[in-house]
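Respectively, the protein sequence lines represent chains A and B. Position one of the first sequence corresponds to residue 22 (the numbering used here), numbered consecutively onward. Position one of the second sequence corresponds to residue 13 (the numbering used here), numbered consecutively onward. Using N, Cα and C, we set each Cβ at its ideal position, and we do this for glycine too. Bear in mind the structure is a predicted one, so any value in this text is a computation, not a measurement. What follows is a set of notes on a single structure, which appears directly below.
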Amino acid sequence: MSGVLRLLGASMWRYFKLLGIQLKASLLLSMQYRADFFIDAVISLFWAATAIAPLWVVYGDKVQGKIPGWSLGEAMLVVGCFVFLQTVLDGAIQPSLQTVVEHIRKGTLDFVLLKPADAQFLVSTARFQPWKASSFLASLVIFAVAFARLGFWPSLGNWAQGALLLLLAVVLLYSLWIWVVSAAFIVVKVDNLTFLLSSVFDIGRWPSSVFRGILRWVFTFVIPTALMTTFPAKALLGVLSWAELGLAVVCTVIFAVVSRWVWLRSIRRYTSASS
Amino acid sequence: MIEVENLKKYYSVFRREPGLKNSLKALFRRHTTEVKAVDGLSFHISEGKRVGFLGPNGAGKTTTLKMLSGLLYPSGGKVLVDGHLPHKRETSFLKKIILVMGQKQQLLWDLPPLETLELNRAIYEVPMPVFRKRLGELTELLGIGPQLRTPTRQLSLGERMKCELAAGLIHGPKLLFLDEPTIGLDVSMQQTIREFIRSYNEREGATLILTSHNMDDVEALCPRILVIDKGRLLFDGSVAELVAQVKPEKRIGLRFEGSSLPENLEAYGRVISAGAGEAILQLGLGEVSEVLGQLLTRFAIKDLTVENPPLEEVMSELFSKHALTRNEEAAEFS
Chain A
22 MSGVLRLLGA
32 SMWRYFKLLG
42 IQLKASLLLS
52 MQYRADFFID
62 AVISLFWAAT
72 AIAPLWVVYG
82 DKVQGKIPGW
92 SLGEAMLVVG
102 CFVFLQTVLD
112 GAIQPSLQTV
122 VEHIRKGTLD
132 FVLLKPADAQ
142 FLVSTARFQP
152 WKASSFLASL
162 VIFAVAFARL
172 GFWPSLGNWA
182 QGALLLLLAV
192 VLLYSLWIWV
202 VSAAFIVVKV
212 DNLTFLLSSV
222 FDIGRWPSSV
232 FRGILRWVFT
242 FVIPTALMTT
252 FPAKALLGVL
262 SWAELGLAVV
272 CTVIFAVVSR
282 WVWLRSIRRY
292 TSASS
Chain B
13 MIEVENLKKY
23 YSVFRREPGL
33 KNSLKALFRR
43 HTTEVKAVDG
53 LSFHISEGKR
63 VGFLGPNGAG
73 KTTTLKMLSG
83 LLYPSGGKVL
93 VDGHLPHKRE
103 TSFLKKIILV
113 MGQKQQLLWD
123 LPPLETLELN
133 RAIYEVPMPV
143 FRKRLGELTE
153 LLGIGPQLRT
163 PTRQLSLGER
173 MKCELAAGLI
183 HGPKLLFLDE
193 PTIGLDVSMQ
203 QTIREFIRSY
213 NEREGATLIL
223 TSHNMDDVEA
233 LCPRILVIDK
243 GRLLFDGSVA
253 ELVAQVKPEK
263 RIGLRFEGSS
273 LPENLEAYGR
283 VISAGAGEAI
293 LQLGLGEVSE
303 VLGQLLTRFA
313 IKDLTVENPP
323 LEEVMSELFS
333 KHALTRNEEA
343 AEFS
């Protein structure tokens with residue numbers, strides 16, 4: 022048993038080191054274009070700010086409770102989660118998986134598949150955009166403003182639960198993107214599909230109670246934006262039920278397992294562009 | 013080292029007729045046809061050997077390389093590479109091999125090649141002292157000291173290929189699959205790459221399989237060649253054997269005293285070219301010694317060379333013969 026653990030530890034340590042090297046390469050890359058670095062940092066802050074704007078429109082001046090069950094401060098928490106996930110998506114998930122699409126188009130995925138390391142790990146960590154971290158700060162600011170409006174701070178337990186749910190949300194988002202990328206093995210050009218998914222993900226900026234009936238079901242189970250942004254916000258507010266927590270965990274595990282399966286299947290049918 | 017028995021790879025591809033009407037039809041009902049990229053190849057390669065795959069475009073060379081390296085799953089037959097089934101892509105197998113493709117690159121485009129080498133060091137788990145030693149050797153042999161620190165996109169094609177080789181060899185593979193490694197390079201750079209590949213093979217005792225359109229590559233590097241056409245093995249042996257079998261002729265280069273040529277050169281053999289005081293004749297292997305004797309006694313000859321006909325010519329002869337036999341077979345069946 023201890024042998025297995027040691028092996029597992031060694032392999033995790035190895036992948037941790039690989040991640041470090043990939044991160045370093047991305048950092049070097051983004052620093053090569055210094056102007057881009059700063060411009061992008063400013064632009065992503067701007068986008069984070071605009072994420073909050075629709076709320077002002079909906080809630081208007083001093084009119085409360087336009088979204089059933091959600092005050093402005095509470096709805097801002099959802100936007101905070103949304104901005105956080107958008108940061109992860111734009112900064113870590115999207116750039117890496119975009120390179121997979123490139124690899125497939127050019128036939129250079131061959132090199133990745135011939136490396137003695139997990140191909141999904143290698144492509145998923147291929148590219149980060151570190152300057153997106155600026156909008157991560159923006160999400161923290163949104164959280165702070167929201168709680169200042171609400172007039173209370175979450176307990177340590179609620180923070181922990183919120184953090185856990187955000188982590189689950191990252192896994193969900195990543196799994197969804199793996200599906201899209203796997204589609205690239207079949208149709209090669211998936212730009213439209215990523216646009217579609219991006220715009221669907223945009224729904225995550227609203228608390229899930231704005232949707233009724235079938236739509237609410239769709240956005241919980243099919244494209245789980247509710248799980249990604251509404252649930253973490255509820256956790257921070259301390260109103261997430263155990264059933265909801267369980268649902269989030271189960272859904273995430275299912276999405277992750279299925280996405281791994283889809284990836285492995287896609288690799289198997291990959292026959293690489295002939296030269 | 014490499015055992016291949018009756019290896020096959022069939023693809024099914026969608027066949028689409030031209031025209032709008034047919035395209036619309038194809039939206040609903042697609043016709044597939046089977047393409048036999050590799051169709052029953054068998055060969056063995058022992059350790060430390062250099063072998064060249066020759067064949068026209070679409071002959072199945074690259075497909076075979078991809079099956080040997082584990083990128084493609086064979087449709088039939090057996091492949092065993094150093095005791096491994098390649099398509100399983102086991103870590104221990106992947107650490108032994110490298111695939112270098114002249115038309116594709118693994119180097120990170122915007123970063124210096126050294127970053128890719130660093131990444132490969134971590135992926136292949138090369139210990140630091142070994143990495144430093146190999147890096148030193150590769151840098152010196154390839155002459156790429158400054159290039160390793162220049163962003164890849166700023167390197168010339170030849171420099172990039174050298175760095176590509178360095179990135180591929182940093183883990184000391186025992187088995188090299190080289191797919192058109194000199195494509196697009198100038199003659200002197202081709203020479204450098206060839207020399208390097210040969211010295212790596214001799215130093216490390218690595219097995220090497222090379223595909224190339226460049227006959228010079230194959231002639232200079234590979235004592236053994238496998239000629240493939242339409243996924244089948246046409247020939248297995250040395251270049252000299254291939255020439256002897258397909259086109260048993262020699263080329264004689266003659267330089268005469270003075271700038272005039274004898275008048276009746278055609279009487280001695282087929283005249284390939286003739287210029288001021290120089291001529292090239294091609295004649296059957298059996299006639300060479302006799303004709304040479306005659307030439308030397310009858311004319312004042314300053315210089316003389318005897319060579320195999322160019323490999324290109326031999327190959328085109330081989331393929332046209334092959335096409336002919338195939339047509340005959342087809343005619344018999346119909």
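* Those runs of the alpha helix (DSSP H) which lie wholly inside the segment 232-305 of chain B and span at least 4 residues -> 251-258
* By Cβ distance below 7 Å, which residues in the same chain neighbour L285(A) in space, the five residues on each side in sequence not counted? -> Here the question's residue 285(A) lines up with position 264 in the first sequence. So the list is empty, once near-sequence residues are dropped.
* CA-CA distance, G178(A) and V142(B)? -> Taking the first residue of the first sequence as position 1, residue 178(A) is located at position 157. Taking the first residue of the second sequence as position 1, residue 142(B) is located at position 130. Rounded to the nearest angstrom, the two C-alpha atoms are 49 Å apart.
* Asked: Can you name the residues of chain A whose CB is closer than 9 Å to the CB of E130(B)?
  -> Position 118 of the second sequence, counted from the start, is the residue given in the question as residue 130(B). Those are I42, K45, A46, listed as they occur along chain A.
* Asked: Using a Cβ-Cβ distance under 8 Å, would E127(B) count as near chain A?
  -> Translated into the one-based positions of the second sequence, residue 127(B) becomes position 115. Cβ-Cβ to chain A under 8 Å: yes for E127(B).
* Taking Cβ-Cβ distances shorter than 7 Å, what residues in chain B pair up with A181(A)? -> Along the first sequence, read from residue 1 onward, the residue named residue 181(A) stands at position 160. Within chain B, no residue comes near A181(A); the closest Cβ sits about 33 Å away, beyond 7 Å.
* In the DSSP assignment, find the unbroken beta strand (DSSP E) run with M140(B) in it and report its ends. => Translated into positions along the second sequence, residue 140(B) becomes position 128. That residue, M140(B), is in no beta strand (DSSP E); its alpha helix (DSSP H) goes 140-154.
* Asked: What number of angstroms, rounded off, separates the C-alpha of V271(A) from the C-alpha of N18(B)?
  -> As a working mapping, residue 271(A) is identified with position 250 in the first sequence. As a working mapping, residue 18(B) is identified with position 6 in the second sequence. So the two alpha carbons sit approximately 48 Å from each other.
* To do: Anything in chain B within Cβ reach of G128(A), meaning under 9 Å, just list it in chain order.
  => In the first sequence, counting from the first residue as 1, residue 128(A) sits at position 107. What G128(A) touches in chain B: M113, Q115, K116.
* **For I195(B), three-class secondary structure by DSSP** => Locating residue 195(B) in the second sequence gives position 183, where the first residue counts as 1. Here I195(B) sits in coil by DSSP.
* Return yes when at least one heavy atom of the ligand GDP lies under 7 Å from the C-beta of N339(B), else no. => Looking at this structure, you won't find the ligand GDP or any other ligand, since it has none at all.
* Exposed unless 16 or more other CB atoms sit within 10 angstroms - verdict on V260(A) -> Sequence index remark: in the first sequence, residue 260(A) carries index 239 (1-based). With fewer than 16 Cβ atoms within 10 Å of its Cβ, V260(A) is classed as exposed.
* Taking the CB atoms as reference points, tell me whether D191(B) and G72(B) lie closer together than 8 Å. => Taking the second sequence and counting its residues from 1, one reaches residue 191(B) at position 179. Taking the second sequence and counting its residues from 1, one reaches residue 72(B) at position 60. No.
* From L217(A) to F240(A), what distance separates their C-alpha atoms? -> One-based indexing of the first sequence puts residue 217(A) at position 196. One-based indexing of the first sequence puts residue 240(A) at position 219. Between L217(A) and F240(A), the C-alpha separation is close to 14 Å.
* C-alpha gap between E275(B) and G298(B), whole angstroms -> Counted from its first residue, the second sequence places residue 275(B) at position 263. Counted from its first residue, the second sequence places residue 298(B) at position 286. Their backbone Cα atoms lie some 24 Å apart in a straight line.
* **Within chain A, the residues that Y22(B) reaches when beta carbons sit closer than 9 Å** => Start at 1 with the first residue of the second sequence, and residue 22(B) comes out as number 10. Result: empty, since nearest Cβ-Cβ is about 11 Å, beyond 9 Å.
* Nonlocal neighbours in the same chain, by C-beta distance under 6 Å from A31(A), ignoring five residues either side -> Position 10 of the first sequence holds residue 31(A). Cβ within range, chain order: n/a, list empty.
* Tell me, to the nearest whole angstrom, how far the beta carbon of G225(A) is from that of T250(A); I am working on the premise that it is less than 8 Å. => Locating residue 225(A) in the first sequence gives position 204, counting from the first residue. Locating residue 250(A) in the first sequence gives position 229, counting from the first residue. That belief holds up - the Cβ atoms of G225(A) and T250(A) are roughly 4 Å apart, short of 8 Å.
* CB L77(B) to CB M327(B), shorter than 8 Å? -> Along the second sequence, read from residue 1 onward, the residue named residue 77(B) stands at position 65. Along the second sequence, read from residue 1 onward, the residue named residue 327(B) stands at position 315. Contact flag unset, no.
* To do: Scan the segment 83-107 of chain B for residues whose Cβ lies nearer than 9 Å to a Cβ of chain A and list them as they occur along the chain.
  => L83, L84, Y85, R101, E102, T103, S104, F105, L106, K107
* Run the CB neighbour count on K100(B), radius 10 Å, all protein chains shown included, and call it buried at 16 or more, exposed below. => Position 88 of the second sequence, counting from 1, holds the residue named residue 100(B). K100(B) should be labelled exposed.
* Alpha carbon to alpha carbon, how far is W91(A) from V79(A)? Give it in angstroms, no decimals. => In the first sequence, residue 79(A) corresponds to position 58, counting from 1. In the first sequence, residue 91(A) corresponds to position 70, counting from 1. Rounded to the nearest angstrom, the two C-alpha atoms are 12 Å apart.
* Got a sec, what are the start and stop residues for the beta strand (DSSP E) M113(B) sits in? -> Here residue 113(B) refers to the residue found at position 101 of the second sequence. 109-113 is the span of the beta strand (DSSP E), which, as asked, contains M113(B).
* To do: Under the assumption that T291(B) contacts L308(B) (Cβ atoms under 8 Å), give the Cβ distance between them as a whole number of angstroms.
  => The sequence position of residue 291(B) within the second sequence is 279, counting from 1. The sequence position of residue 308(B) within the second sequence is 296, counting from 1. Looking at the sequence itself, residue 291(B) is Ala, so the reference to Thr does not match. Not quite, the Cβ-Cβ distance comes to about 14 Å (not below 8 Å), so this is no contact.
* Same chain, Cβ closer than 7 Å to P260(B), five either side skipped, listed in chain order -> The residue given as residue 260(B) occupies position 248 in the second sequence. Excluding positions up to five away in sequence, the list reads G296, L297.
* **Those runs of the alpha helix (DSSP H) which lie wholly inside the segment 162-211 of chain B and span at least 4 residues** => Fully enclosed alpha helix (DSSP H) runs of 4 or longer: 169-181.
* Under a CB-based cut-off of 8 Å, is D223(A) close to chain B? -> Sequence index remark: in the first sequence, residue 223(A) carries index 202 (1-based). So, not an interface residue.
* Per DSSP, F173(A) is paired with what? -> Walking along the first sequence from the start, residue 173(A) turns up at place 152. Note: F173(A) sits in no beta bridge, so no partner.
* Does the distance from the C-beta atom of D122(B) to that of R165(B) stay below 8 Å? -> The residue given as residue 122(B) occupies position 110 in the second sequence. The residue given as residue 165(B) occupies position 153 in the second sequence. Cβ atoms of D122(B) and R165(B): closer than 8 Å.
* May I have the straight-line CA-CA distance separating L197(A) from G196(B), to the nearest angstrom? => Stepping through the first sequence from its first residue, residue 197(A) is reached at position 176. Stepping through the second sequence from its first residue, residue 196(B) is reached at position 184. Approximately 41 Å between the Cα atoms of the pair.
* Asked: Buried or exposed: which applies to T317(B), given that a residue is buried once 16 or more other Cβ atoms fall within 10 Å of its Cβ?
  -> By one-based count along the second sequence, residue 317(B) stands at place 305. T317(B) counts as exposed, since fewer than 16 other C-beta atoms from the protein chains shown sit within 10 angstroms of its C-beta.
* Given a threshold of 16 other Cβ atoms within 10 Å of its Cβ, counted over all protein chains shown, does S295(A) qualify as buried or as exposed? -> As a first step, residue 295(A) is located in the first sequence; it is residue number 274 there, counting from the start. The predicted model places S295(A) with a pLDDT of 43, which falls under 50 and marks its position as unreliable; any figure quoted below should be read in that light. Exposed: under 16 other Cβ atoms inside 10 Å.
* Asked: Can you check whether the CB of K107(B) is closer than 8 Å to the CB of Y136(B)?
  -> Numbered from 1 along the second sequence, position 124 holds the residue referred to as residue 136(B). Numbered from 1 along the second sequence, position 95 holds the residue referred to as residue 107(B). Cβ distance < 8 Å, so Y136(B) and K107(B) count as in contact.
* Asked: What are the residues of the segment 136-166 of chain A that lie near chain B, defined by any Cβ-Cβ distance shorter than 7 Å?
  -> Per Cβ criterion, the list reads K136, P137, A138.
* **Chain-order list of residues whose beta-carbon lies under 7 Å from that of D248(B) (same chain, five-residue window excluded)** => On the second sequence, residue 248(B) is found 236 positions in, with the first residue counted as 1. Closer than 7 Å at Cβ, skipping near neighbours: F55, L238.
* To do: Would you mind sorting V91(B) into buried or exposed? The rule is 16 or more other CB atoms within 10 Å of its CB.
  => The count along the second sequence starts at 1 and reaches residue 91(B) at position 79. So V91(B) ends up on the buried side.
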